[in-house]
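FYI, in my numbering the residues of the sequence shown are 3 to 482.
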Amino acid sequence: MSFRKLLPLMLVIACFTASAQVKNLYNYQDLSRFYYEKQKDSLKKAWICPDAFKDRATQKEYRELWDRRTNAVLGALADNDYVHDREVFGYIDDIVRQLADANKTMIPVKPLLLIDRSPAINAYSTGGNVLAVNVGIIAFASCREELALIIAHELSHNILHHVENSIYLRAQWLGSDEYKRSLNAVLDSKYDRYSRLTRVVQGYTFSRSRHDRYQESAADSLAVILLNKSNIPFNARFFLRLDSSDMQLKQPLHHPLKEYFTAWRLPFEDSWAQRRSRGLSSRAYAFSDTTTIADSLKTHPDCIIRYNQTKALSAAAVHWTPLPATVLDKVNKMMIWDLYSTTNLTECLYRILLLKDKGYKDPWYDFMAGNIFSGLYYADRELARFNAIGIVQKELISKDYYALQTMLEQIPRDNLRQYCQDMHSQAFWRSNDEKDLGTLLNTLALDPDNSDKNKDRAAHAFSSANASSMYCEFAKNFEK
Ligand SMILES: [Zn+2]
């Protein structure tokens, strides 16, 4: 193809990517409370507790534990913990389908996939042929094959009935004579009741954690089999990547904090980011180690063991399939929006700065930074600034993160107010609902009328003009 023929095509591609970037993510109605409304009843019916124990008391414990699982999933659906974004869902569901189709005897029915909005680098199976993949792990994955391993691992938990077995074993233990005897001994003893009780519970948790470890390696082994049958190459190195999954907020910034603010033409004083000492409590913490984290704090412990157990099964050098840019773009934005709507403003802003370091230039991130300042000023007005900042424990964050957290805590009210006004006037929004969200935030943060009635009016104006906008989720908080 000659260059002249190629040029219009390139322009079409360029226009497509530009429009793909500014297009909204999902609709408000794609949140799980609405989208899975119909599935909820069928899930309830499918998850009726079986009769497993002759002993009535044990069966009762069993039913309670069983229903607790059902209610946890139904509650998460009602709380909009999941979202059905067509593109992201389609991409992940395609992997699930490939694995299910190639392993029909083990997976006769394609499982129900849920996309969890959490930025945590995790996926989980709930049993009952349902699995959830977090937005955080999609953004973290280096390639399609890595996601396939994670999904195959969760499918294996379902195939091996790990959740159901855990429920069964726990009910069996709670109904056992041994448990009752030890519990009665505790209740009969006058002294040291508390420490004896902890010992009984620990006896249970210890055997459970041993059991969990066994389940994890069983799920890993089966996952490799499922992948092989699906012709998806496996690499044990993915476990080592997973080992670093808690390092996200430990990543340092590429530039001094101040530079990100001056790029927005906002004033920044270094003293805001330095903790003012207040007696003993402000003892300095050394952020020296940015490479490791204690195994006990990790979301995924035992990764090194899992790597060693499976490394012999790794495929030789192959071409790994990168995630489509549009899927990555979406999951990054979904994470930012999730952190914003759950009011974790420091993490939300820090992740925006990290994405800027990676070269993301979409003005949507500047629009969201503006929303963060308005949200923080609003929280300050409601005397809830500290809650909105969302403190993260020092072991999990970088020195830069701590500086940003300190800055959001200490920046004077008047400067914060200036931030809201300056960012609002820079009009980073690209669509009507973004513009209207800015107006709503402006009302919430800056309108002299701080009454609930005024907030309700502004929120209602937003959601009636933008009924399908994902930002309705935010507006609904202020509607009476
Ligand atoms: Zn697992």
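Even glycine gets a Cβ: it sits at the ideal position worked out from N, Cα and C.
Gln407 beta carbon less than 8 Å from that of Thr348: It is a contact, given that the beta carbons lie within the stated cut-off.
Sequence-distant residues of the same chain with beta carbon closer than 8 Å to Ala104, five excluded per side: The residues Leu228, Lys231, Ser232 and Asn233, in chain order, have a CB closer than 8 Å to that of Ala104 in the same chain once the five nearest residues on each side in sequence are set aside.
Any non-hydrogen atom of ligand 1 closer than 7 Å to Ala221 Cβ: yes
Cβ-Cβ separation, Ser120 to Leu79 (assumed contact under 8 Å), whole Å: Their Cβ separation, rounded to whole angstroms, is 14 Å, which puts Leu79 and Ser120 out of contact at 8 Å.
Supposed close pair Leu351, Ile374 - CB separation, criterion 8 Å: 5 Å
CA-to-CA distance, Asn131 to Lys112, given in whole angstroms: Roughly 8 Å between the two C-alpha positions.
Cβ-heavy atom distance, His163 to ligand 1, below 7 Å: no
Tyr38, DSSP secondary structure in three states: coil
C-alpha distance - Ile380 paired with Ala463, whole-angstrom precision: This sequence places Tyr at residue 380; Ile is not what is there. Cα to Cα, the separation comes out at about 19 Å.
Sufficient close CB pairs (3 or more, under 8 Å) joining the segment 121-141 to the segment 252-259: no
N- and C-terminal bounds of the beta strand (DSSP E) containing Asp118: Where Asp118 is concerned, the enclosing beta strand (DSSP E) stretches over Leu114 to Asp118.
CA nearest to the CA of His426, picked from Met472, Ser191, Leu176 and Trp266: Trp266
Secondary structure of Asn334, DSSP reduced to three states: helix
Cβ-Cβ distance between Asp245 and Ile306 below 8 Å: yes
Close beta carbons around Phe270, own chain, < 7 Å, minus the five adjacent residues each side: Lys260, Phe263 and Thr264
Close beta carbons around His86, own chain, < 6 Å, minus the five adjacent residues each side: Asp32 and Tyr37
Cβ contact check for the segment 426-438 and the segment 451-471: 3 or more pairs under 8 Å: yes
His1 classed as buried or exposed, judged by whether at least 16 other C-beta atoms fall within 10 angstroms: A question about residue 1 goes unanswered here, because the residues of the chain that appear run from 3 up to 482.
Buried or exposed by the 16-neighbour rule on C-beta atoms within 10 Å, applied to Phe369: buried
Presumed contact (8 Å Cβ cut-off) between Phe476 and Ser343, rounded CB distance: 6 Å
Any non-hydrogen atom of ligand 1 closer than 7 Å to Glu148 Cβ: no
Reduced DSSP secondary structure (H/G/I, E/B, other) of Glu89: helix
DSSP state of Ser246 mapped onto helix, strand, coil: coil
heavy atom of ligand 1 below 7 Å from Glu66 C-beta: no
Beta-bridge pairing of Gly138 - partner residues as DSSP gives them: In DSSP, Gly138 forms no bridge with anything.
Cβ shell of Ile140 (< 6 Å), same chain only, five flanking positions each side left out: Val333
Closer than 7 Å: His462 CB and nearest ligand 1 heavy atom: no
Leu33 in three-state terms, based on DSSP: Here Leu33 sits in strand by DSSP.
heavy atom of ligand 1 below 7 Å from His155 C-beta: Yes, the beta carbon of His155 sits closer than 7 Å to at least one heavy atom of ligand 1.
Span separating the alpha-carbon of Asn82 from that of Arg243: 29 Å
Integer Cβ distance of Arg383 from Asn452, believed to fall under 8 Å: 7 Å
Exposure label - Gly138; buried when at least 16 CB within 10 Å: buried
Segments assigned beta strand (DSSP E), at least 3 residues, entirely inside the segment 149-199: none
Per-residue DSSP class, three states only, for Ala122: It is coil, neither helix nor strand.
C-beta atoms of Asn237 and Ser316 nearer than 8 Å: In this structure, Ser316 lies closer than 8 Å to Asn237 by Cβ.
Cross-strand partners of Val132 (DSSP beta bridge): Leu114 and Gly129
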